[in-house]
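Residue numbering for the sequence shown follows full-length UniProt numbering, starting at 1 and increasing by one per position.
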Amino acid sequence: MSTDGVFDSFTSTGRHLLQAKKACPVNFEFLNYTIITSQCKGPKYPPESCCSALKEFACPYAEQINDLTTECASTMFSYINLYGKYPPGLFASECREGKEGLACPALSPSASASASENANGSQQLIRNPWMLVMAAIIAAAMLL
Numbered sequence: 001m002s003t004d005g006v007f008d009s010f011t012s013t014g015r016h017l018l019q020a021k022k023a024c025p026v027n028f029e030f031l032n033y034t035i036i037t038s039q040c041k042g043p044k045y046p047p048e049s050c051c052s053a054l055k056e057f058a059c060p061y062a063e064q065i066n067d068l069t070t071e072c073a074s075t076m077f078s079y080i081n082l083y084g085k086y087p088p089g090l091f092a093s094e095c096r097e098g099k100e101g102l103a104c105p106a107l108s109p110s111a112s113a114s115a116s117e118n119a120n121g122s123q124q125l126i127r128n129p130w131m132l133v134m135a136a137i138i139a140a141a142m143l144l
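Pasting the structure below:
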């Protein structure tokens, strides 16, 4: 009985989608989320306050959050939603500064240079927060 390769592409795609992600080097569990929860409050969740708070919290970790081979983005958004009890997709729908993502402000000189600039010296971005949130939602759904 020949399968004519019908199942070959399915298994290849399945393995790719279910590959385990690397552990996040940042321990988001014990970070202080007060900057977000104190500034981003419902029922209206003002975008200016919520997005600036998200940037202030997340920008030092932009490199790790943007690495979609790790669990960093899903872990961070899980804890943000746990502590803030935010509606699903709040930050993804409200926090957009263009197609490149959220621009992180330059950090003080005492802050780590690697957190504020990449190897080319350009400003760090939190790339496509809506995509990061979707990755977090998909990862959470796969765990159910």
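Note that the Cβ used here is the ideal one computed from N, Cα and C, for glycine as well.
Small disclaimer: the values here were computed from a predicted structure and weren't measured.
Contact check for Tyr33 against Phe57 passes: the beta carbons are separated by less than 8 Å. Gly42: not part of any alpha helix (DSSP H); DSSP gives it neither H nor E.
Spanning the alpha carbons of Thr37 and Pro105 requires a straight line of approximately 20 Å. Pairing Ala53 with Gly101, the inter-Cα distance amounts to about 15 Å. Linking Ile65 to Pro46 through their CA atoms gives a straight-line distance of about 23 Å. Under the DSSP definition of a beta bridge, Thr70 partners with Lys22. Across the structure, Lys41 and Cys24 are spaced so that their CA atoms are roughly 28 Å apart. For Leu31, no alpha helix (DSSP H) segment is defined, and its DSSP state is neither H nor E. Per DSSP, Pro47 is one residue of the alpha helix (DSSP H) stretching across 47-58. Distances from the alpha-carbon of Phe91 to those of Asp67, Cys51, Glu29, Phe30 put Cys51 closest. For Glu94, the enclosing alpha helix (DSSP H) begins and ends at 90-94.
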